[in-house]
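Peer 1:
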Amino acid sequence: MFLFYRKVILAVLILLSISAGVVFELFYLSKAQVSLLPQNDSAIPWRAVISTDIDHGGSSTLRARDSSYNIEYDFFLTDNTKYPFTSFALRFVQQEQDSQQYVDLSAYTRAKFYITCNPANILSFTIYSFDEAISREADLSSLRILSTYFACTPQQDAIEIQLGQLETPEWWLALNTNLANRNYSLKKTSSITFGNSTQSPLGTSSHVLISNLVLEGRNWTPILIGIIGVSIIWGIFAWWVIKEYTGALMKHVQERIAKDTPFVAYQQLSIEPHKDKERNALLKFMVTEYPNPDLGMDLAIKQLGINRSKINDILKSEVGLTFNTYLNKLRLTEAARLLSNNANINVAEVAYSVGYNNVSYFNRLFKSEYRCTPKVFRSLTVNKDIVSE
């Protein structure tokens, strides 16, 4: 059994290493990431769209600076209207064309970027998406608005926006649906927009610089396929372990029965003549009286008239065991013989027949001796011709 356990431990370590490597590699490969900057290298084509409150009676302005790698602009808010606004949008378009298209961003869970604002500001991050139940084709005003706010300072700030935690303004919900309709989808996204907030400074020129704008997410399909594959491999390994364990256990049982042959019940035990009558009497007494549940050291002393020390000395010399250990060896070996010769014999019946009144105690001793329960031992050995007749 030692060789079996060593082989299993080695196989488990190897399989764990392989599984960990596969899972780590798949986890790395499952990472979905797309960079929107610089604009010319963006995997998702987009064009800049600037909006202000001029069409709503305001006079706010936004001027984009020419930048190949970043988004950089200056805006100036006036108080000519109740809600002054300016915005810089990344409107998604078809490749090498200027016509608008909807992009599936559902695989991405967060947007990350670096931003510098001078002076310090509170800006909005907004996504416009097509809501299948509400939005209308070619009507940008019907697109669902999904937004959040973030703070920025003259020092470069790292911002991370959770795309699954955006909010739809109540005024938009009130105009288009009910206020409880908070669910949204990014499968058809029109644009990503950076704008001011109600806490942005009025009458002050504000400068914004955005860099390293990326969308990140996780493609779970490779991971699921990997988990299924690893689970199948571990399932096959478990089947192999059970198969190998059964074979190793059967071999162990065979070896134990062969080793214990000198200890089988008195019908099969040949006691060589001994010059010492006390030794001969003790050994015969043990192999004939072991089925007696009351047999113990005190009974042996009383029946044989031999003191405790002498009994232990004889058994140590003859079989290398103490009284109780030798008694259990006789009982368990006979129990093993009975179990291996009869597929229908009851475990409790065997326990009682070899001198154990407590079946649970018998089961514990048997498992400790043969490394399997009496029932398993019976199934492994019966009709296997492994016990000498």
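Residue numbers for the sequence shown follow the working numbering, beginning at 1382 and rising by one. Just so it is clear, CB atoms sit at the ideal spot from N, CA and C, and this is done for glycine as well.
#1: Buried or exposed for isoleucine 1395, going by 16 or more other Cβ atoms inside 10 Å?
#2: I'd like the list of long-range same chain contacts for asparagine 1600, defined as Cβ closer than 7 Å, with 5 residues on each side in sequence excluded.
#3: Indicate whether threonine 1329 and alanine 1501 have their beta-carbon atoms separated by less than 7 Å.
#4: Return helix, strand or coil for glutamate 1730, following the three-state DSSP convention.
#5: With 16 as the cutoff for other CB atoms within 10 Å, does isoleucine 1508 come out buried or exposed?
#6: From the DSSP output, in three-state form, read off arginine 1491 for me.
#7: What whole-angstrom Cβ distance do threonine 1459 and serine 1440 have, given they're in contact under 8 Å?
#8: For alanine 1681 and tyrosine 1751, I'd like the C-alpha separation in whole angstroms.
#9: Reducing DSSP to helix, strand and coil, say where aspartate 1439 ends up.
#10: Which residues in the same chain have their Cβ closer than 6 Å to the Cβ of glutamate 1659, if we skip the five residues on either side of it in sequence?
#11: Mind checking valine 1779: buried by the 16 CB within 10 Å criterion, or exposed?
#12: Can you tell which of Gln1580, Val1415 and Tyr1671 has the C-alpha that lies nearest to the C-alpha of leucine 1486?
#13: Put glutamine 1537 into one of helix, strand or coil per three-state DSSP.
#14: Put aspartate 1694 into one of helix, strand or coil per three-state DSSP.
#15: For the segment 1565-1577 against the segment 1466-1485, are there 3 or more C-beta pairs whose distance is under 8 Å?
#16: Among all the DSSP beta bridges, which residues are the ones paired with serine 1510?
#17: So if DSSP puts glutamate 1548 in a beta bridge, which residue, or which two residues, is it bridged to?
#18: Per DSSP, arginine 1428 is paired with what?
#19: In terms of residues, what are the limits of the beta strand (DSSP E) holding isoleucine 1591?
#20: Looking at asparagine 1451 and serine 1586, is the spacing between their C-beta atoms short of 7 Å?
#21: Hey, could you find the ends of the alpha helix (DSSP H) glutamine 1684 is sitting in?
#22: Could you tell me the boundaries of the alpha helix (DSSP H) in which valine 1740 lies?
#23: Give the straight-line distance between the Cα atoms of isoleucine 1726 and methionine 1667, rounded to the nearest whole angstrom.
#24: From glycine 1402 to isoleucine 1614, what distance separates their C-alpha atoms?
#25: Say yes only if the C-beta of tyrosine 1737 is nearer than 6 Å to one or more non-hydrogen atoms of the ligand NAD, and no if none qualify.
#26: On a Cα-Cα basis, can you pick out the residue from Asp1694, Lys1665, Glu1699 and Val1700 that is closest to glutamine 1684?
#27: Hey, out of Ala1732, Ile1692, Thr1706 and Thr1703, whose CA is closest to alanine 1717's CA?
#28: Tell me the DSSP secondary structure of phenylalanine 1466 in three-state form.
#29: Check whether the segment 1573-1583 and the segment 1538-1550 touch, using three or more Cβ-Cβ pairs below 8 Å as the test.
#30: Suppose you measure from the CA of valine 1740 to the CA of tyrosine 1671; what does that come to, to the nearest Å?
#31: Less than 7 Å between the beta carbons of serine 1400 and valine 1611, yes or no?
#32: For lysine 1656, is the classification buried or exposed, using 16 other Cβ atoms within 10 angstroms of its Cβ as the cut-off for buried?
#33: Alpha carbon to alpha carbon, what distance is there between aspartate 1675 and valine 1757?
#34: Just to confirm before moving on: does the CB-CB distance between serine 1528 and leucine 1567 stay below 7 Å?
#35: Whose CA, out of Val1474, Phe1466, Asp1447 and Leu1443, lies closest to the CA of isoleucine 1425?
Peer 2: Taking the structure as given:
#1: exposed
#2: Ser1411, Ala1413 and Ala1488
#3: Past the edges of the chain, shown from 1382 to 1770, lies residue 1329, and the structure says nothing about it.
#4: helix
#5: buried
#6: strand
#7: 5 Å
#8: 27 Å
#9: It should be noted that the sequence gives glycine, not aspartate, for residue 1439. Glycine 1439 falls in the coil class under three-state DSSP.
#10: Ile1687
#11: As shown, the chain starts at 1382 and ends at 1770. That puts residue 1779 outside it, with no answer to give.
#12: Val1415
#13: coil
#14: helix
#15: yes
#16: Arg1525 and Thr1570
#17: Ser1528
#18: Arg1472
#19: 1586-1599
#20: no
#21: 1678-1685
#22: 1740-1751
#23: 25 Å
#24: 14 Å
#25: In the structure on display, the ligand NAD does not appear, and there are no ligands present to speak of.
#26: Lys1665
#27: Ala1732
#28: coil
#29: no
#30: 16 Å
#31: yes
#32: With a pLDDT of 47 at lysine 1656, under the threshold of 50, the modelled position of that residue is not reliable, and no figure is offered here.
#33: 28 Å
#34: no
#35: Val1474
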